[in-house]
Amino acid sequence: MGRILVGFWQVGAWGCFDEFNRLEERMLSAVSQQIQTIQEAVRAGGDMSVDLVGKRLNVNSNIGIFITMNPGYSGRSNLPDNLKQIFRSLAMTQPDRQLIAEVMLFSQRFRTAETLANKIVPLFILCEEQLSAQCHYDFGLRALKYVLFSAGNIKRDKLDKMGSTALEDIAEQQMLIQSVCETLVPKLVNEDIALLFSLLSDVFPGIHYTANQMKELRQQLSTVCNEHLFVHNDVQGEMGSMWLDKVLQLYQIKNLNHGLMLVGSSGSGKTMAWKVLLKALERWENVEGVAHVIDAKAMSKGALYGVMDPNTREWTDGLFTSIIRKIIDNVRREADRRQWIIFDGDVDPEWVENLNSVLDDNELLTLPNGERLSIPPNVRIIIEVADLKYATLATVSRCGMVWFSEEVVTSEMLFERYLSMIRRVPLDSESAIIFSSSNAPVNLVAEDAKPSRAIEVQRSAALALQTHFSQDGIVPGALKYAVAELEHIMPPTPQRLLSSFFSMMSYSIRKMVSHDEGLIDDSMELDQIQNFVLRSMLTNLVWVFSNYNFFATKSTGVSHRVAAADIVVPTINTVRHEMLLAAWLAERKPLVLCGPPGSGKTMTLLAALRSQQEMNVVNVNFSSSTTPELLLRTFDHYCEYRSTPNGVVLAPVQMSQWLVIFCDEINLPAPDKYGTQRVISFLRQLVELNGFYRTSDHSWVSLERIQFVGACNPPTDPGRHPMTSRFFLHVPIVYVDYPGQTSLQQIYGTFNRAMLKMTPAVRGLADQLTNSMVDVYLASQEHFTQDDQPHYVYTPRELTRWMRGISEAITQLESLSAEQLIRLCAHEAIRLFQDRLVTQDERDWTDKLVDETAEKYFGNACRLDEALKRPLLYSCWLSRNYVPVTRDELQD
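In my numbering, the protein residues as written are 12 to 903.
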């Protein structure tokens, strides 16, 4: 600020500080002293010299200093009293829209400007009053200006085509209506569109217009969509027509504004819209398109815009600044390319309002070192965001807006695209993994080409699925029921559920293709393929959309290593989880296991990873203060950077090995005051874009052979935070709940049978021991909750500790009777379940529970009055072994 003020007083310039109250309050106080010193020198007629920022100069009396600001917005500071006193305040409340609109229309060569201004201004007032309240709506002066400028562009195009200036009055009204529709309709939610057209018919009665068809652009869009297998349609009301309309709206808004916002929930087609448009424009206009995708919340503000060294006063560009500077320098002909800078992530005023001067008519980026970078005309700033609840009107009004509702991309479109992929992409190839993970175009099998046997099988599978994907088929019905009726640990979306279902179906079809290729003499018949696909589809629907328990048989696969921490006893839940994880790991998809503490998330995930070939697992424990720098340090430790012809690549040090980053407690990082978890934003960028920007040289680093998995407790648990739906759009969730009674009996029955093999005399009591342990655990879990005491937490870990305590005690014994086993079992139960209790009534209840359970399962095995005689004490202090003792023996 001091350097700018020195420049003002030396040349006698007038300067206006826009958004002045975005400075910090301590900075405002310091600036007020500098301005007051300058004003005193001006009052002295310019004869007075002033000391400022280490310089002593005479003040040019022609200097003028003005400030503008929006009071009361988020991210603003209150002006200190000493600053208010040295400026005269002017309240700018209500502009004269009528006069402004009239002048602007005349400047756009409209002959009926007065009549049109009398119509367009009331229309905007009606929109403000009658349309619904949305965070991304703005019907103020800037919105009016964009409509009038757009109308001027339409008129000039018509004049160029017609070669005449004699356009009728009614034609000018049609142009204005066309401008309103092309400018305002893209931002409206569905229920407001009909209301806007109703208002238009009231304000402009009897006037109709024909929308611009843009046939050549539509042809190029169709070509690009076909390469990506995107569902699209030119016919209004048909599947894919709404999304194609949004792409065309984006093109029209892009021509009017150099700053745009794409707003809509995750999975609504925003990213694919700008990608398809950029590619289509490249082919249509023969101008290369370059996209720079940045997640502003995945990095610090200094890394985004730049920092100034307080000691040397040396300026270092940030990522955004360096991109703009490279385009301006035009060393590699950047000015000849279409440059789109995409801010893909959450919006908050602390970073986005630094772009206000970039987004408005100034098109300038003012840096703290005094530089002013002019934004080139080939640059567009596009902000892609799920919502604008923290954005201020100052930012919203500066941007063109395109709203993507949840109806833009429907489930039917996803079904159709998946069927097309099965028909034309070999699922056992690397192309299928690339296609499903990044939507990148791959070499498609031509529909009229002679297919391989694998493609023939896949097409038969697609034919079998097509009936069940229809509007009244099984899959849409199951999806609707799962979203509306079933309980989910994270808010479900059709896109996320279908992504998981499609992965499972691809896994099943790959298995079928592999089986068919293994048949020597013959291949699978059509009815065999259809039956297999139907069974797989039903199983995958149940396993992906819900939790389902089957009958679990006894497992005898664990005969030793009873106390090992990594042993997994197969149950229907573990089998289900292993199949889900295998399907996603095979596609190199990230995934998250969510469930309560002690439910086996880590064990299940590590068991699935161990079954995969050539995987190196690195455990990264998240905390409330975890930042992206933790992941970057992990990369530095286990990976290496390599320069390749395609750019910088980050890959594991060990060749041919995959590095799996296991993010434990992934939902612990605390969000900032705008609700963003920086490390989750960074993870989303790594997953979605498969890379990140290196802060040292602002180069893009692509990831190679690196996969991410995570585990977390439910977001309702203390200290946990909900993660963004934009992250979970790319990351399937597996809910791992506590095992039910049947599964617990399955698991601990296996352990107990293996444990009691060492003591043949009581081997027959394994099932009774298991049932009694499970009953005591479930009864205690139901009776004592965290509502009573915060430490009353009961998980299957209690049963594991119970089993291990018994195992350690009997390992050193040469023989074991039923009475000794029951007493030892009761002692471990008392230690685990009673010692934590607070009141005597609670301890008495547990004593009674242990006695009643022992009577139920061991009533005929021995004399229970002797086996359960109190006090129940065991110790290894008096001998080498863990044996029963009395209180007197311990005290002696």
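Here a beta-carbon is modelled for each residue, glycine too, at the ideal position from N, C-alpha and C.
Treat the numbers as computed from the prediction; the structure is a model and nothing was measured.
Query - Coarse secondary structure for Ala662, derived from DSSP in three states - result: The count along the sequence shown starts at 1 and reaches residue 662 at position 651. Reduced to three states, the DSSP call for Ala662 is strand.
Report task. Mind checking who Lys66 pairs with in its DSSP beta bridge? Result -> Residue mapping note: residue 66 aligns to position 55 of the sequence shown, counting from 1. DSSP output for Lys66 lists Leu63 as bridge partner(s).
Query raised in the report: Are the stretch 421 to 429 and the stretch 239 to 251 touching, with three or more C-beta to C-beta distances below 8 Å?
Result: yes
Query raised in the report: Hey, quick one: how far does the beta strand (DSSP E) through Glu395 stretch, first residue to last?
Result: On the sequence shown, residue 395 is found 384 positions in, with the first residue counted as 1. Here the beta strand (DSSP E) through Glu395 covers Val390 to Val396.
**Report entry** Selected residue, minimal CA-CA separation from Met515, among Cys605, Val544 and Ser408
**Finding:** Working through the sequence shown from its first residue, we reach residue 515 at position 504. Ranking Cys605, Val544 and Ser408 by Cα distance to Met515 puts Val544 first.
Query raised in the report: Applying the criterion that 16 or more other CB atoms from any shown protein chain within 10 Å of the CB defines a buried residue, is Leu843 buried or exposed?
Result: The count along the sequence shown starts at 1 and reaches residue 843 at position 832. Looking at its Cβ environment, which holds 16 or more other Cβ atoms inside 10 Å, Leu843 is buried.
Requested in this report: Give the single residue among Ala619, Asp306 and Gln477 whose Cα lies nearest to the Cα of Glu699.
Outcome: As a first step, residue 699 is located in the sequence shown; it is residue number 688 there, counting from the start. Here the closest residue by C-alpha is Asp306.
Requested in this report: Could you tell me whether the stretch 742 to 762 touches the stretch 774 to 794, where touching means 3 or more Cβ pairs closer than 8 Å?
Outcome: yes
Query - Three or more C-beta pairs below 8 Å linking the stretch 345 to 360 and the stretch 724 to 732 - result: no
**Report entry** Of the residues Gln506, Pro502, Glu598 and Leu530, the one placed nearest Ser519, counting alpha carbons only
**Finding:** As a first step, residue 519 is located in the sequence shown; it is residue number 508 there, counting from the start. Out of Gln506, Pro502, Glu598 and Leu530, Glu598 has the C-alpha closest to the C-alpha of Ser519.
Query raised in the report: What's the C-alpha gap between Leu4 and Asp683?
Result: What is shown of the chain runs 12 to 903, which leaves residue 4 out entirely.
Report task. Identify, in the order they occur along the chain, each residue of the same chain with its Cβ nearer than 6 Å to the Cβ of Phe562, setting aside the five sequence neighbours on each side. Result -> Translated into positions along the sequence shown, residue 562 becomes position 551. Caution is warranted here: a pLDDT of 34 is assigned to Phe562, below 50, making its placement in the model unreliable, and no coordinate value can be reported.
Query raised in the report: Within 10 angstroms of its Cβ, does Tyr401 collect 16 or more other Cβ (buried), or is it exposed?
Result: On the sequence shown, position 390 is the one that residue 401 refers to. With 16 or more Cβ atoms within 10 Å of its Cβ, Tyr401 is classed as buried.
Query raised in the report: For Pro733, which residues from the same chain have a beta carbon less than 7 Å from its beta carbon, with the 5 sequence-adjacent residues on both sides left out?
Result: Numbered from its first residue, the sequence shown carries residue 733 at position 722. Excluding residues within five positions, the ones whose Cβ falls inside 7 Å are Pro726.
Report task. Go ahead and label Thr567 buried or exposed: buried means 16 or more other beta carbons lie within 10 angstroms of its beta carbon, across all protein chains shown. Result -> As a position in the sequence shown, residue 567 is number 556, starting the count at 1. In this prediction, Thr567 scores a pLDDT of 42, lower than 50, which makes its location untrustworthy; the coordinate-derived value is nonetheless stated afterwards. Looking at its Cβ environment, which holds fewer than 16 other Cβ atoms inside 10 Å, Thr567 is exposed.
Query raised in the report: Taking buried to mean at least 16 other C-beta atoms within 10 Å of its own C-beta, is Leu537 buried or exposed?
Result: Counted from its first residue, the sequence shown places residue 537 at position 526. Exposed, by the Cβ-count rule.
Query raised in the report: CA-CA distance, Leu206 and Ala662?
Result: Start at 1 with the first residue of the sequence shown, and residue 206 comes out as number 195. Start at 1 with the first residue of the sequence shown, and residue 662 comes out as number 651. Cα to Cα, the separation comes out at about 54 Å.
Query raised in the report: Where do the N-terminal and C-terminal ends of the beta strand (DSSP E) with Ala302 fall, by residue?
Result: Taking the sequence shown and counting its residues from 1, one reaches residue 302 at position 291. That run of the beta strand (DSSP E) goes Gly300 to Ile305.
Query raised in the report: What's the C-alpha gap between Val246 and Ser408?
Result: Here residue 246 refers to the residue found at position 235 of the sequence shown. Here residue 408 refers to the residue found at position 397 of the sequence shown. Approximately 32 Å, taken between the alpha carbons.
Query raised in the report: Applying the criterion that 16 or more other CB atoms from any shown protein chain within 10 Å of the CB defines a buried residue, is Phe77 buried or exposed?
Result: Position 66 of the sequence shown, counting from 1, holds the residue named residue 77. Phe77 should be labelled exposed.
Requested in this report: May I ask you to list the residues that DSSP assigns as paired with Pro895?
Outcome: One-based indexing of the sequence shown puts residue 895 at position 884. Answer is Tyr885.
Report task. Determine the burial state of Asp149: buried for a count of at least 16 other Cβ atoms within 10 Å of its Cβ, exposed for fewer. Result -> Here residue 149 refers to the residue found at position 138 when the sequence shown is read from its first residue. The residue is buried, with at least 16 neighbouring Cβ atoms inside 10 Å.
**Report entry** Sequence-distant residues of its chain with Cβ nearer than 7 Å to Val258 (five each side left out)
**Finding:** The residue you call residue 258 lines up with position 247 of the sequence shown. Correct list, in chain order: Leu232, Ala284, Val287 and Leu288.
Query raised in the report: Does the separation of the CB atoms of Leu591 and Ser511 fall below 9 Å?
Result: For this step, residue 591 is matched to residue 580 along the sequence shown. For this step, residue 511 is matched to residue 500 along the sequence shown. Yes; because the gap between Cβ atoms is below 9 Å, this pair is in contact.
Query raised in the report: Alpha carbon to alpha carbon, what distance is there between Gly686 and Asp357?
Result: Counting from one through the sequence shown, the residue named residue 357 turns up at place 346. Counting from one through the sequence shown, the residue named residue 686 turns up at place 675. Near 9 Å, if we compare the C-alpha coordinates of Gly686 and Asp357.
**Report entry** Sequence-distant residues of the same chain with beta carbon closer than 7 Å to Asn365, five excluded per side
**Finding:** In the sequence shown, residue 365 corresponds to position 354, counting from 1. Only Tyr316 meet the Cβ criterion.
**Report entry** Host beta strand (DSSP E) of Gln96 (start-end)
**Finding:** The residue you call residue 96 lines up with position 85 of the sequence shown. Run containing Gln96: none; DSSP gives neither H nor E here.
Query raised in the report: Is the stretch 135 to 153 touching the stretch 184 to 199, taking contact as three or more C-beta pairs under 8 Å?
Result: yes
Query raised in the report: Nearest CA to the CA of Leu261: which residue from Arg621, Phe556, Arg87 and Trp414?
Result: Against the sequence shown, residue 261 aligns to sequence position 250. Of Arg621, Phe556, Arg87 and Trp414, the residue nearest in Cα terms is Trp414.
Query raised in the report: If you check the beta carbons only, do Ser279 and Val420 fall under 9 Å apart?
Result: Counting from 1 along the sequence shown, the entry for residue 279 is found at position 268. Counting from 1 along the sequence shown, the entry for residue 420 is found at position 409. For Ser279 and Val420, yes; Cβs fall inside 9 Å.
Query raised in the report: Which partner residues does Ile951 have in the DSSP bridge list?
Result: Residue 951 is absent from the model: the chain starts at 12 and stops at 903.
Requested in this report: Identify every residue that forms a DSSP beta bridge with Thr327.
Outcome: Position 316 of the sequence shown holds residue 327. BP columns for Thr327 point to Val318.
**Report entry** 8 Å contact criterion, which Leu455 and Val436 should meet: CB distance rounded
**Finding:** Stepping through the sequence shown from its first residue, residue 455 is reached at position 444. Stepping through the sequence shown from its first residue, residue 436 is reached at position 425. Going by Cβ atoms, the distance from Leu455 to Val436 rounds to 6 Å, so yes, they are a contact pair.
Query raised in the report: Going by beta carbon distance, what residues of the same chain come within less than 7 Å of Ala314, once the five residues before and after it are set aside?
Result: Residue 314 sits at position 303 when you count from the first residue of the sequence shown. These residues qualify, in order along the chain: Gly329, Leu330 and Thr706.
Requested in this report: With a threshold of 16 other CB atoms inside 10 Å of the CB of Asp340, please say whether the residue is buried or exposed.
Outcome: Residue mapping note: residue 340 aligns to position 329 of the sequence shown, counting from 1. So Asp340 counts as exposed.
Requested in this report: Check whether the Cβ atoms of Ser605 and Ile691 sit closer than 9 Å, and answer yes or no.
Outcome: Translated into positions along the sequence shown, residue 605 becomes position 594. Translated into positions along the sequence shown, residue 691 becomes position 680. Note on identity: in this sequence residue 605 is Cys, with Ser being the wrong assignment. Contact flag unset, no.
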